[in-house]
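The block underneath contains the structure these notes are about, expressed in structure tokens.
In full-length UniProt numbering, the protein residues as written are 1 to 450.
This is the structure we're talking about:
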């Protein structure tokens, strides 16, 4: 079972050249935050380009449950009438966040300093993921949490009635944790401080400033320091969501490994805290160019052009780049399989606690496809077989993980024999148009059960 209904087996086969324009969905991280901050503002926020995958739609439902008026006006066009900071109502029912780790953690933070109680659940994958990384810091504000053993959902959060401000040093590089603490700090008098040892994606900081919060960011001897002044009146915004770099990774990487391909992926957000994959691919020798570079809504944006790249070489990916591409290591490992030589990926322990243990899931599937993979607790390596050398011809477990499913589909577009996915259903959580989009470029992907 996918967690979203019956399993949907899929088969990806060796494809001819991928050609054309790939209009990928809106950025998932910005979509979640647009809805949450719109709900915490006073007045009407208008959003265009919102990702309408299951994860984000779950966040929209959650904001309705907390009292905001959230309305879909048309494809990607939404209106949110917010209740203001501290204005959340207590939900009447359990909040089901599906597969959305970002959604549940940010929402927990946003409600943790209001005197309300909410219970959260999700699908089988989300119920297996640790929530202590968020419940520990929100407890410092005064919130209480009651969940399953190991800090897992279903979980009830009792918001702090008299929250106190907090200075928190994140124990891991996680934009979700940082963002949960900052959202909690909105309804606290005084200043909330988050210190990161290494900077993570900064959409929350940029968007808080855009909504009118007083927030400063500086590099200090302690680390990357973010200071937020609490209890602002957030001002509603008009938001154009850039297209998601994590979704763009799949048509880009497929084009690099399928002979004769030339694919344009327009309007991709290139926030420096998100673009690590693309620089890594260029370091490997990929024919990948940024065209029409510009700023939209304070975020850097460009059109990406990716062409077949048979001469890519394995590299050591700088560990300091991990935070800027943590979701892209699965598809990077696919590209590495078609490069010449070994690609080492150190400093990636966070992959062990994503929607799945992504190192384990990718290693098992790549080995089944004939690729040598070595791994440790916080590193892994892939021995590339060159542009024509990946055998394929296996069935892989996608373990309820959308990025695992899409990565192995891309492997099948270039391997000698097909790759069968036991369940492609989770793809809908972040990239609901993946199948028609890739088919439109020329990729061979079918639902095996007809």
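We put the beta carbon where it would ideally sit given N, CA and C, even for glycine.
When you compare only the Cα positions, how much space is there between residue 291 and residue 10? Straight-line spacing of the CA atoms in residue 291 and residue 10 works out to 34 Å.
Over what stretch of residues does the alpha helix (DSSP H) that includes residue 331 continue unbroken?
-> Here the alpha helix (DSSP H) through residue 331 covers 329-337.
Practice item. Report yes or no: is there a C-beta of chain C within less than 8 Å of the C-beta of residue 257? Key: Note that chain C does not occur in the displayed structure, where there is just one protein chain.
At what residues does the beta strand (DSSP E) containing residue 364 begin and finish?
Counting along the chain, residue 364 falls outside any beta strand (DSSP E), though it belongs to the alpha helix (DSSP H) covering 358-368.
Return helix, strand or coil for residue 371, following the three-state DSSP convention. In the structure shown, residue 371 falls within a coil segment according to DSSP collapsed to helix, strand and coil.
For the putative contact between residue 96 and residue 243, defined by C-beta atoms under 8 Å, what is the C-beta separation to the nearest angstrom?
Rounded to the nearest angstrom, the Cβ distance from residue 96 to residue 243 is 27 Å, too far for a contact under 8 Å.
### Message
According to DSSP, residue 290 sits in a beta bridge with which residue or residues?
### Response
Paired residue(s): 304.
| message | Let's test the definition: count the other Cβ atoms within 10 Å of the Cβ of residue 146 and tell me whether it reaches 16, buried, or not, exposed. | response | Label assigned to residue 146: exposed.
Could you check the C-alpha separation between residue 375 and residue 322 for me, to the nearest Å?
Their Cα atoms are separated by approximately 16 Å.
- prompt: Looking only at DSSP bridge pairs, what is residue 196 linked to?
  reply: Residue pairing by DSSP puts residue 196 in a beta bridge opposite 224.
How many Å lie between residue 431 and residue 157 at the Cα?
Distance between residue 431 and residue 157, taken at the CA atoms: about 30 Å.
**Prompt:** Is it the case that the Cβ atoms of residue 345 and residue 380 are separated by a distance below 8 Å?
**Reply:** Closer than 8 Å, so yes.
#### Entry: Of the listed residues 67, 334, 263, nearest to residue 438 (C-alpha basis)
The shortest C-alpha separation from residue 438 is found at 263.
Inset, instruction - Apply the 10 Å Cβ neighbour rule to residue 124 and answer buried if 16 or more other Cβ atoms are within range, or exposed otherwise. - result: Burial call: exposed.
Could you check where the beta strand (DSSP E) with residue 421 kicks off and where it finishes? Segment 417-421, the beta strand (DSSP E) holding residue 421.
On the premise that residue 443 lies in contact with residue 413, defined as a C-beta separation below 8 Å, what is that separation, rounded to the nearest angstrom? Your pair residue 413 and residue 443 checks out as a contact, with CB atoms roughly 5 Å apart and the cut at 8 Å.
Same chain, Cβ closer than 6 Å to residue 236, five either side skipped, listed in chain order:
Correct list, in chain order: 41, 43, 44, 45.
The segment 175-193 in contact with the segment 100-120 per 3-pair CB rule at 8 Å: As far as the Cβ criterion goes, the segment 175-193 touches the segment 100-120, which means the pair count is three or higher.
Expected contact under 8 Å - CB spacing of residue 334 and residue 410 to nearest Å: Correct: roughly 5 Å between the Cβ atoms.
| task | Please work out which residues of its chain come closer than 7 Å, Cβ to Cβ, to residue 450, disregarding the five sequence neighbours upstream and downstream, and give them in chain order. | result | Interpretation of residue 450 is limited by its pLDDT of 45, a score under 50 that renders its predicted location unreliable; no figure is taken from the coordinates.
Excluding sequence positions up to five away, which residues of its chain have a Cβ less than 6 Å from the Cβ of residue 169?
Residues 195 of the same chain have their beta carbon placed closer than 6 Å to that of residue 169, with the five preceding and five following residues left out of the count.
Q | Simplified DSSP assignment, three categories, for residue 43 | A | In the structure shown, residue 43 sits in a strand (DSSP, three-state: E or B).
DSSP bridge partner residues for residue 381 (one or two, in chain order): Residue pairing by DSSP puts residue 381 in a beta bridge opposite 344, 374.
Buried or exposed, going by whether 16 or more other CB atoms sit within 10 Å of the CB of residue 216? Per the 10 Å Cβ criterion, exposed.
Check your understanding: Measuring CB to CB, does residue 36 end up less than 8 Å from residue 59?
Key -> Going by C-beta atoms, residue 36 is nearer than 8 Å to residue 59.
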